[in-house]
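Chemist: Going by the working numbering, the first residue of the sequence shown is number 16, and it counts up by one from there. Structure provided below as structure tokens; questions to follow.
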Amino acid sequence: MESVLFNELNYTLQIGKIRMFIPDFSSKEYIIFEDLAGLLDLETNYDAMVFIRNQVKEAGIKGKVRFDSESDCVEIYSTNGKTMLQVTILVNKLIDEEFTFENKREYKQFIESWKRPKKQKWKAGDVFSISLPNETYFFGQIVELMEDVFPLCVIFDLHLKTVPTKEEIDNANILTALMLNGMVFDDYTLKVIVDMEIMGEINENTRKNPVRNVTWSTAHLIDFCIEYKLEKKQKFVEEISDNRNFIIEYN
């Protein structure tokens, strides 16, 4: 539906000034996180939350809706997409009295047909892509699930614009290793592209083994891929590079 502003990268619908998160692999709810104090010209987001909550009641919007507030945003939750769409339209009208929503039917149809995505399946041996800001990719492999939960990964010296062949992966050197949070595989931040024989292992656990004792974010991983060849690099990039000493690489 071209008239529906849907961002498939973060599973959000843009409705006027409000961005609504729709159910994804990790949540069954429709959610709004917005600085409504600023948009409604109120002193705090708590004030904005109370105001919106009262307006929703007065409008007679049916369906369970939860409200909360933080210093920087109002949080609105509902498992009912149609209800949340009504709330979102109402909030826009409170922000701008002249707001009109011509695509309500298309958004309603989108919500009715939305199927919550499933988690990505992943396991030891899976090779995955690491997307960089310039639309190129590095690649890595899950070589172990520590305690059957935490993915220990090696990162290849392989920088391409397309998916590599198995031969290219086989011939690639291993740059380093690190532990990641499994959520980044669940939500496709790191996409599995192929299953291959494991190409290396991490030394057994010791107090001095940083691979098994430090979990890194994908932001750190991406910065590593960008900076590891530079003469001047961030300290954590050097720390991740040093993890190379704890890899037993298979020939």
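The C-beta atom is built at its ideal place from N, Cα and C for all residues, glycine as well. Note that the structure is predicted; figures quoted are calculated from it, not measured.
Quick check on Y152: does DSSP put it in helix, strand or coil?
Modeler: Three-state DSSP puts Y152 in a strand.
Chemist: At 3 residues or longer, and completely inside the region 182–211: list those beta strand (DSSP E) runs for me, N to C.
Modeler: List check, beta strand (DSSP E) in window: 189–195, 206–210.
Chemist: For N60 versus E85, is the C-beta spacing smaller than 8 angstroms?
Modeler: Contact: yes.
Chemist: Whose C-alpha, out of A139, V199, G31, L190, is nearest the C-alpha of S232?
Modeler: The option with the nearest alpha carbon to S232 is V199.
Chemist: Which whole-angstrom value describes the C-beta separation of I104 and V142, a residue pair presumed to lie in contact below a C-beta threshold of 8 angstroms?
Modeler: That pair is no contact at about 45 angstroms.
Chemist: Could you give the uninterrupted runs of the alpha helix (DSSP H) lying entirely in the region 64–115, keeping only those of 4 residues or more?
Modeler: Segments of the alpha helix (DSSP H) lying fully in the region 64–115: 96–110.
Chemist: Alpha helix (DSSP H) containing L245: first to last residue?
Modeler: Counting along the chain, L245 falls outside any alpha helix (DSSP H), and DSSP gives it neither H nor E.
Chemist: Please state whether the Cβ-Cβ distance between I91 and L54 is less than 8 angstroms.
Modeler: Their beta carbons are not under 8 angstroms apart, which means I91 does not touch L54 by this criterion.
Chemist: Taking only three categories from DSSP, how would you classify F239?
Modeler: Of the three classes helix, strand and coil, the one that applies to F239 here is helix, per DSSP.
Chemist: To the nearest angstrom, how far is the alpha carbon of E117 from that of K97?
Modeler: Taking the straight line joining both Cα atoms gives about 16 angstroms.
Chemist: Cutting at 7 angstroms between CB atoms, please list the residues of its own chain near E216, excluding the five before and the five after it.
Modeler: V158, E159, I263.
Chemist: Is L193 closer than 8 angstroms to C168 when the C-beta atoms are compared?
Modeler: The answer is yes: Cβ separation under 8 angstroms.
Chemist: From what residue to what residue does the beta strand (DSSP E) around D141 run?
Modeler: Per DSSP, D141 belongs to the beta strand (DSSP E) from 141–146.
Chemist: Leaving out the 5 sequence neighbours to the left and right, which residues in its chain are closer than 8 angstroms to D238 when beta-carbon positions are compared?
Modeler: Answer for D238: Q249, F251, V252, listed in chain order.
Chemist: When the Cα of I33 is compared with those of E44, F154, E49, which residue comes out closest?
Modeler: Measuring from the Cα of I33, the nearest candidate turns out to be E49.
Chemist: Considering only their Cβ atoms, is the gap separating V164 from K181 smaller than 8 angstroms?
Modeler: It is not a contact, given that the beta carbons lie outside the stated cut-off.
Chemist: With DSSP as the reference, label Y61 as helix, strand or coil.
Modeler: Of the three classes helix, strand and coil, the one that applies to Y61 here is helix, per DSSP.
Chemist: Which of helix, strand or coil does DSSP assign to V252?
Modeler: Three-state result, V252: helix.
Chemist: Provide the residue span of the alpha helix (DSSP H) that contains I30, from first to last.
Modeler: It is not in any alpha helix (DSSP H) - I30 instead sits in the beta strand (DSSP E) that spans 27–30.
Chemist: Could you work out which residue in T230, I213, H235 is closest to N266 when comparing CA atoms only?
Modeler: Of the candidates T230, I213, H235, the one whose C-alpha sits nearest the C-alpha of N266 is I213.
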